[in-house]
Amino acid sequence: MTRVVQDAPIPTIPFNARISRWFGRNVLRIYMIFGFTYLFIPVAYTFVFSFNDAGKSNLIWQSFTFRNWQNPCGAPEVCNALGNSIKIGFLATTFATILGTMIAFAIGRYQFKGRSSSNLLIFLPMATPEIVLGASLLSLFLLFKINPGFWPTVIAHVMFCISFVVVTVKARIASLDPKLEQAAMDLYANEFETFRRVTLPLVAPGIAGAALLAFSLSFDDFIITNFNSGTLITFPKFVYVSAARGIPAQANVIGSSMFFLALTIVVVGQLVKERKAR
Amino acid sequence: MSNDAISARGDLRLTRLTKTYGDFNAVDDLTLTIPKGSFFALLGPSGCGKTTTLRMVAGLEEPTVGSIHLGDTDITTTRPYQRPINTVFQNYALFPHLSIFENIAFGLRRRGVKDVKEQVDKVLNLVELPHLASRKPTQLSGGQQQRIALARAIVNRPALLLLDEPLGALDLKLRRQMQIELKWIQREVGLTFVHVTHDQEEAMTMADTIAVMNEGRIEQMGSPADLYDNPETAFVANFLGQSNLIKGKIEGNDGDNLVVDLFGQKISMPKNRSHAVDNSLYAGIRPEKFRISLTGTPTRGNTLTGGHIEDVSYIGVSTQYVVSMPWGQELMVFEQNDDGVAPFDKGDEVVISWEPNFTFGLHGDEDIEAGTEVNPEEPVNE
Chain A
1 MTRVVQDAPI
11 PTIPFNARIS
21 RWFGRNVLRI
31 YMIFGFTYLF
41 IPVAYTFVFS
51 FNDAGKSNLI
61 WQSFTFRNWQ
71 NPCGAPEVCN
81 ALGNSIKIGF
91 LATTFATILG
101 TMIAFAIGRY
111 QFKGRSSSNL
121 LIFLPMATPE
131 IVLGASLLSL
141 FLLFKINPGF
151 WPTVIAHVMF
161 CISFVVVTVK
171 ARIASLDPKL
181 EQAAMDLYAN
191 EFETFRRVTL
201 PLVAPGIAGA
211 ALLAFSLSFD
221 DFIITNFNSG
231 TLITFPKFVY
241 VSAARGIPAQ
251 ANVIGSSMFF
261 LALTIVVVGQ
271 LVKERKAR
Chain B
1 MSNDAISARG
11 DLRLTRLTKT
21 YGDFNAVDDL
31 TLTIPKGSFF
41 ALLGPSGCGK
51 TTTLRMVAGL
61 EEPTVGSIHL
71 GDTDITTTRP
81 YQRPINTVFQ
91 NYALFPHLSI
101 FENIAFGLRR
111 RGVKDVKEQV
121 DKVLNLVELP
131 HLASRKPTQL
141 SGGQQQRIAL
151 ARAIVNRPAL
161 LLLDEPLGAL
171 DLKLRRQMQI
181 ELKWIQREVG
191 LTFVHVTHDQ
201 EEAMTMADTI
211 AVMNEGRIEQ
221 MGSPADLYDN
231 PETAFVANFL
241 GQSNLIKGKI
251 EGNDGDNLVV
261 DLFGQKISMP
271 KNRSHAVDNS
281 LYAGIRPEKF
291 RISLTGTPTR
301 GNTLTGGHIE
311 DVSYIGVSTQ
321 YVVSMPWGQE
331 LMVFEQNDDG
341 VAPFDKGDEV
351 VISWEPNFTF
361 GLHGDEDIEA
371 GTEVNPEEPV
381 NE
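Chains as they are written, first to last, in the numbering used here: chain A, 1 to 278; chain B, 1 to 382.
Here it is, written out as structure tokens:
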């Protein structure tokens with residue numbers, strides 16, 4: 001018996017269907033590109049205009065130059081403001097991280113009277129508008145006859161950073177298996193040794209994350225700082241004040257540097273984590 | 001005091017130990033001696049108090065009432081790190097930030113031992129994983145982590161090693177292999193092992209002595225063979241393997257035997273295997289002790305007539321029958337497939353018989369369902 005074998009026709013997909021199929025496959029990618037573009041345009045703008053030979057005002061592109069990067073302290077006051085911000089950020093981060101970590105352990109690990117209300121109260125500074133916090137802190141300082149300036153600003157920053165530290169560290173503590181600490185005690189480590197050798201090393205990434213968060217919050221805080229710093233100039237205050245008559249390109253240099261510094265920390269952190277996991 | 005406790009050696013004695021949570025007694029007036037050098041298993045279903053008992057011995061829970069002695073030293077209130085006791089935790093609890101070497105060295109370093117490297121290497125060889133010393137715990141398989149957890153505990157040569165469901169997270173094949181290995185290691189190092197498990201097969205394979213726990217109390221204690229062949233309560237009879245429990249009445253004596261009436265049919269059983277307190281009793285027979293034959297063929301020993309086969313399952317090494325008896329009860333019968341006789345069919349009229357010595361007698365007030373509703377194979381987290 002013979003049979004005529006025909007070539008099966010190659011199925012053709014209509015043009016419209018192909019378009020929609022391509023779109024279906026790539027919709028997430030397209031969405032992601034839009035999302036990141038939206039997020040990074042301001043950063044890119046800041047970076048590009050740090051190379052602007054601006055003169056007085058850095059609003060209109062003039063011509064390309066490296067001069068701003070060679071001399072980031074060129075504009076009057078900019079490095080003084082930056083120095084103040086770093087000093088305040090460093091002090092506020094240190095105190096907030098230490099105090100916040102201790103609170104996080106107390107709330108996360110121990111049962112005591114008032115635990116749930118402490119848990120709730122710790123969120124309040126995060127939920128209160130900064131403008132209210134800043135104004136009431138100022139009146140509080142004045143009531144105690146403390147003049148606004150460097151230390152009042154540090155105290156204010158510690159106050160609002162603590163909540164964020166507590167929340168971050170507490171999450172890490174919650175994910176810690178209590179069996180690990182029991183195992184340490186079982187293996188002849190007393191309470192202090194258990195904390196030092198097991199608990200602290202395991203919670204450390206959370207504490208480091210909290211410290212970075214606290215620093216970045218303190219570094220760019222404007223509202224609360226503006227109320228409590230008096231004549232002291234911080235970096236955000238400097239940028240705000242100079243916005244009226246044109247922000248110097250050096251501010252863009254410092255802004256971009258901060259961005260790349262943060263990026264480097266994240267990338268290095270990720271690389272270290274991956275290498276440890278291997 | 002801590003120095004006394006940490007050097008304590010000898011038998012572990014629990015005296016009237018009770019642990020209460022609210023008005024729930026997790027452990028209820030438990031008195032128990034575990035001899036030095038033995039492999040002891042606490043066996044029971046989830047929530048029977050076996051893990052709580054273990055945690056009190058480890059020092060991770062404090063007893064509400066009672067005392068714990070190791071040799072002549074009272075360790076009831078000492079801290080966990082003051083006791084010469086180490087634990088293999090249920091999910092191993094290896095320190096994720098330390099290497100395998102440092103995990104094992106942890107206890108040695110805390111005690112200020114000098115030749116850490118030598119001892120860690122030795123124990124790594126014992127568990128046959130010396131090549132993993134520099135790895136991190138997450139890079140190991142479940143079976144390897146299990147061995148490292150064991151190594152981390154035994155390297156300290158504790159007076160007592162506690163194992164909390166140590167094989168629960170492993171698959172069946174690996175579990176069997178580790179059971180044999182654990183038993184071998186216990187003989188090799190000569191430490192007292194106290195093993196907590198809900199898996200009766202695991203307990204029977206490894207332990208010299210098993211204490212079956214139920215609702216915070218010990219139901220029965222003895223060697224695996226004792227517990228299986230002569231259970232004293234329905235709970236033990238059902239929790240360790242399967243049992244047929246038939247309601248009966250003691251009619252009289254015949255030398256060393258009792259004559260028992262089971263729904264009108266007379267059987268005999270040894271007196272010393274009866275745990276009944278009056279005339280009423282349950283006669284217990286393990287399914288594999290029954291012989292099954294067609295009605296009319298001659299039989300030996302105790303005989304029950306009038307059965308018919310309700311169900312047949314051929315499972316290779318044996319055939320399992322469900323036999324329906326005239327009084328409405330269904331009995332389980334396991335027959336070895338070793339005689340070349342084709343299995344009987346559903347509906348066949350049969351007689352079952354067994355040797356009188358295999359009968360055990362339970363108190364007639366027992367709840368014969370006790371211990372059957374718990375599935376021992378199910379993994380539990382207490």
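From the three backbone atoms N, C-alpha and C, an ideal C-beta is built for every residue, glycine too.
Remember, it's a predicted structure, so these values are computed and weren't measured experimentally.
Should B:P84 and B:A58 be called a contact, given that it needs their Cβ atoms to be closer than 7 Å?
-> Cβ distance not < 7 Å, so B:P84 and B:A58 don't count as in contact.
Is it buried or exposed for B:M213, if we count other Cβ within 10 angstroms and need 16 for buried?
-> Residue burial is scored here from C-beta neighbours: B:M213 has at least 16 other C-beta atoms within 10 angstroms and is therefore classed as buried.
Closest by CA to A:G136, which one among A:G35, A:G246, A:N228, A:R18?
-> First, the amino acid is wrong: residue 136 of chain A is Ser here, not Gly. Proximity to A:S136 across A:G35, A:G246, A:N228, A:R18 peaks at A:N228, based on C-alpha coordinates.
For the candidate residues B:K136, B:D121, B:P137, whose alpha-carbon lies nearest to that of B:P130?
-> Each of B:K136, B:D121, B:P137 was checked against the Cα of B:P130, and the nearest Cα belongs to B:D121.
Sub-7 Å separation of B:L362 and B:A234 beta-carbons = In this structure, the beta-carbon distance from B:L362 to B:A234 falls below 7 Å.
Opposing strand residues paired with B:N86 [DSSP bridges] = DSSP output for B:N86 lists B:L161 as bridge partner(s).
Taking 8 Å as the threshold, find out whether the region 246–254 of chain A comes into contact with the region 53–69 of chain A through three or more Cβ pairs.
-> The region 246–254 of chain A, when compared against the region 53–69 of chain A, does touch it at the 8 Å Cβ threshold.
Assigned secondary structure, B:M1 (DSSP; H/G/I helix, E/B strand, else coil) | Low local confidence applies: a pLDDT of 42 at B:M1 is under 50, so the model's placement there is unreliable, with the coordinate-based value given in what follows. The DSSP-derived three-state label of B:M1 is coil.
At a cut-off of 6 Å, is B:C48 close to the ligand COA when judged by its beta-carbon and the heavy atoms of the ligand?
-> Absence of the ligand COA is noted for the structure shown, with no ligands found whatsoever.
A:V241: which of A:Y188, A:I155, A:P76, A:V27 sits nearest, CA to CA?
-> For the set A:Y188, A:I155, A:P76, A:V27, the Cα lying nearest the Cα of A:V241 is the one of A:P76.
Look at the alpha carbon of A:I13 and the alpha carbon of A:N26, and state the distance between them as a whole number of angstroms.
-> Roughly 18 Å separates the two Cα atoms.
Relative to the C-alpha of B:D311, which residue among B:M221, B:S318, B:V323, B:N302 is closest?
-> That would be B:V323, whose Cα lies nearest to the Cα of B:D311.
From the DSSP output, which residues share a beta bridge with B:P137?
-> Beta-bridge pairing links B:P137 to no other residue.
Could you tell me which uninterrupted beta strand (DSSP E) segments, each at least 3 residues in length, are contained entirely in the region 47–117 of chain B, listed from first to last along the chain?
-> Complete beta strand (DSSP E) runs here, min 3: 65–70, 85–88.
Where A:V272 falls, given that 16 or more other Cβ within 10 Å makes a residue buried = Only exposed fits A:V272, as fewer than 16 other CB atoms lie within 10 angstroms of its CB.
Just the C-alpha distance for B:E201 and B:S99, rounded to the nearest angstrom, thanks.
-> Those two C-alpha atoms are separated by around 34 Å.
Using only alpha-carbon positions, find the residue among B:G301, B:A276, B:M325, B:T372 that is nearest to B:V350.
-> Selected option, being the one with the closest Cα: B:M325.
By a C-beta neighbour count over all protein chains shown, 10 Å radius and 16 as the cutoff for buried, is B:Q177 buried or exposed?
-> Only exposed fits B:Q177, as fewer than 16 other CB atoms lie within 10 angstroms of its CB.
Using a C-beta cutoff of 7 Å, does B:L60 count as contacting chain A?
-> Yes, its Cβ sits closer than 7 Å to a Cβ of chain A.
Residue-chain proximity (B:G10, chain A), Cβ-Cβ < 7 Å | Look at B:G10: its C-beta is not under 7 Å from any C-beta on chain A.
Look up A:M1 in the DSSP assignment and say whether it is helix, strand or coil.
-> Only weak support exists for where A:M1 lies, its pLDDT of 49 falling under 50; the value from the coordinates is given anyway. Residue state, collapsed to three classes: coil.
Of the residues A:A171, A:T93, A:R21, A:I146, which one's Cα is nearest the Cα of A:L217?
-> For the residues A:A171, A:T93, A:R21, A:I146, the minimum Cα distance to A:L217 belongs to A:T93.
Assuming B:S268 contacts B:D254 (C-beta within less than 8 Å), just tell me the rounded distance between them.
-> Contact between B:S268 and B:D254 holds, with the beta-carbon distance rounding to 6 Å and staying under 8 Å.
In DSSP terms, what B:D311 is bridged to = Per DSSP, B:V322.
May I have the straight-line CA-CA distance separating A:I41 from A:S256, to the nearest angstrom?
-> Annotation: A:I41 to A:S256 spans about 13 Å, alpha carbon to alpha carbon.
Determine which residues of the region 74–88 of chain B have a Cβ less than 8 Å from any Cβ of chain A, and write them out in chain order.
-> Cβ contacts with chain A: R79, P80, Y81, I85, N86, T87.
Out of A:I247, A:T37, A:T264, A:L263, which has the shortest C-alpha to C-alpha gap to A:G74?
-> Ranked by Cα distance from A:G74, the options A:I247, A:T37, A:T264, A:L263 are led by A:I247.
Does any C-beta atom of chain B lie closer than 7 Å to the C-beta of A:E274?
-> Cβ-Cβ to chain B under 7 Å: no for A:E274.
If we count the other Cβ atoms within 10 Å of its Cβ and call it buried at 16 or more, is B:W354 buried or exposed?
-> A residue is called buried once 16 or more other Cβ atoms fall within 10 Å of its Cβ, and B:W354 is buried on that count.
Indicate the three-state DSSP secondary structure (helix, strand or coil) for A:F51 in the structure shown.
-> Reduced to three states, the DSSP call for A:F51 is coil.
Tell me, which residues are paired with B:P270 by DSSP?
-> Beta-bridge annotation (DSSP): B:P270 is paired with B:N257.
Note down, in chain order, all residues in the region 165–184 of chain A with a beta-carbon under 8 Å from any beta-carbon belonging to chain B.
-> Under the 8 Å Cβ criterion, the region 165–184 of chain A contributes D177, K179, L180, Q182, A183, A184.
Please compile the residues from chain B whose C-beta is within a distance smaller than 9 Å of the C-beta of A:N190.
-> Neighbours of A:N190 in chain B, taken as residues at a C-beta separation under 9 Å, are given in chain order as R79, Y81, Q82, R110.
Among residues of its own chain, excluding the 5 on either side of A:A189, which ones have a beta-carbon nearer than 8 Å to its beta-carbon?
-> Excluding five sequence positions before and after A:A189, the CB atoms of its chain that fall closer than 8 Å to its own CB belong to R197, V198, given in chain order.
Identify the contact partners of B:F95 in chain A, using a Cβ-Cβ distance below 9 Å as the criterion.
-> Those are L180, A183, A184, R197, V198, P201, L202, listed as they occur along chain A.
Local conformation of B:D28 per DSSP, three classes = Reduced to three states, the DSSP call for B:D28 is strand.
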